[in-house]
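Chemist:
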Amino acid sequence: MWNEKNLFTVPLTKKGVEEAIQAGKRISYIPVDIIFTSVLIRAKMTAMLSMTQHHHKKVPVIIHNENEQATAWTRIYSEKTISQSIPVITAWQLNERMYGDLTSRKLLKDMGRRKCTSGVAALIFLLQRIEPHLKSGRHVMVAAHGNSLRSIIMS
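Going by the UniProt record's numbering, the first residue of the sequence shown is number 1, and it counts up by one from there.
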C-alpha cells in the first residue's frame with residue numbers, strides 16, 4: 001500500500017506476507033547456507049518469512065557488523081546454535097535505491113521510480129561479497145528488490 005503512495009521503508013502488506021510464505025514453500029527443499037538482504041524491513045521480512053517454511057528448520061540470524069559493539073553483542077558462541085542457524089547479512093548495496101532524506105516521505109513527482117544507481121552497487125556487491133560464497137559451493141539466498149535483483153540477474 002505504501003509503495004502505491006510513493007512511501008518507502010515500510011513492512012510487507014498482508015499480501016506481501018502471504019507471498020513470502022508461498023515463496024518459502026516453493027524453495028523449502030533447496031539448501032540455504034547464507035542469506036543476503038537489503039537493509040529495508042520488507043526484504044528482511046521476506047527472507048525471515050520464507051525460511052519459516054524451510055524443510056531444514058534452521059533459524060535465520062541477522063549478523064551485525066556495523067561496529068565492534070554490535071558484533072560483540074550479537075556473536076553466537078555455541079557451536080550447536082551456529083549449526084542450527086543461517087547467517088543473514090544485510091547490505092545497503094541491495095536496496096532498490098538510496099533514499100536519504102526521502103525515507104518514509106512522499107517522493108517528488110519528477111523522480112522516476114526506476115531512476116537509481118542501486119544496480120551498480122548491487123553488481124559490485126554481487127562480485128565482491130556474494131560470488132565468493134557461490135564459488136565455494138555455498139547455497140545463497142538473496143532477498144532484495146526489483147532494481148537490485150534485475151542488476152544481479154542480468155550480470
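Just so you know, even glycine gets a beta-carbon here, dropped at the ideal spot from N, CA and C.
Note that the structure is a prediction, hence the values are computed from the model and not measured.
On the DSSP bridge assignment, give the partners of phenylalanine 36 in chain order.
Modeler: By 1-based counting over the sequence shown, the position of residue 36 is 36. Per DSSP, Ile89, Val142.
Chemist: Taking the alpha-carbon of threonine 71 as reference, which of Glu79, Pro87, Leu123 has the nearest alpha-carbon?
Modeler: Within the sequence shown, residue 71 is the residue found at index 71, counting from 1. Residue Pro87 is the option with its Cα nearest to threonine 71.
Chemist: Nearest CA to the CA of leucine 123: which residue from Ile30, Lys15, Ser155, Arg75?
Modeler: Translated into the one-based positions of the sequence shown, residue 123 becomes position 123. Minimum Cα distance to leucine 123 is reached at Ser155.
Chemist: In angstroms with no decimal places, state the Cα-to-Cα distance between tryptophan 92 and alanine 121.
Modeler: As a working mapping, residue 92 is identified with position 92 in the sequence shown. As a working mapping, residue 121 is identified with position 121 in the sequence shown. One C-alpha to the other measures close to 9 Å.
Chemist: Pull up the DSSP beta-bridge partners for isoleucine 63, would you.
Modeler: The sequence position of residue 63 within the sequence shown is 63, counting from 1. Paired residues: Ile89.
Chemist: Only counting the same chain, and skipping five residues up and downstream in sequence, which positions put a Cβ closer than 7 Å to that of glutamate 19?
Modeler: Along the sequence shown, read from residue 1 onward, the residue named residue 19 stands at position 19. Excluding residues within five positions, none has a Cβ falling inside 7 Å.
Chemist: Hey, how far is the Cα of valine 17 from the Cα of arginine 42?
Modeler: In the sequence shown, residue 17 corresponds to position 17, counting from 1. In the sequence shown, residue 42 corresponds to position 42, counting from 1. C-alpha separation (whole angstroms): 9 Å.
Chemist: Asparagine 147 by DSSP, collapsed to three states: which one?
Modeler: Here residue 147 is taken as the residue at index 147 of the sequence shown, counted from 1. Note: asparagine 147 maps to helix in three-state DSSP.
Chemist: How close, in whole Å, do the beta carbons of serine 148 and asparagine 95 come, if the pair is a contact with beta carbons under 8 Å?
Modeler: On the sequence shown, position 148 is the one that residue 148 refers to. On the sequence shown, position 95 is the one that residue 95 refers to. Their Cβ separation, rounded to whole angstroms, is 7 Å, which keeps serine 148 and asparagine 95 in contact under 8 Å.
Chemist: Note down, in chain order, each residue of its chain lying with its Cβ closer than 6 Å to the Cβ of threonine 90, except the 5 sequence neighbours on either side.
Modeler: As a working mapping, residue 90 is identified with position 90 in the sequence shown. Answer for threonine 90: Thr37, Val39, listed in chain order.
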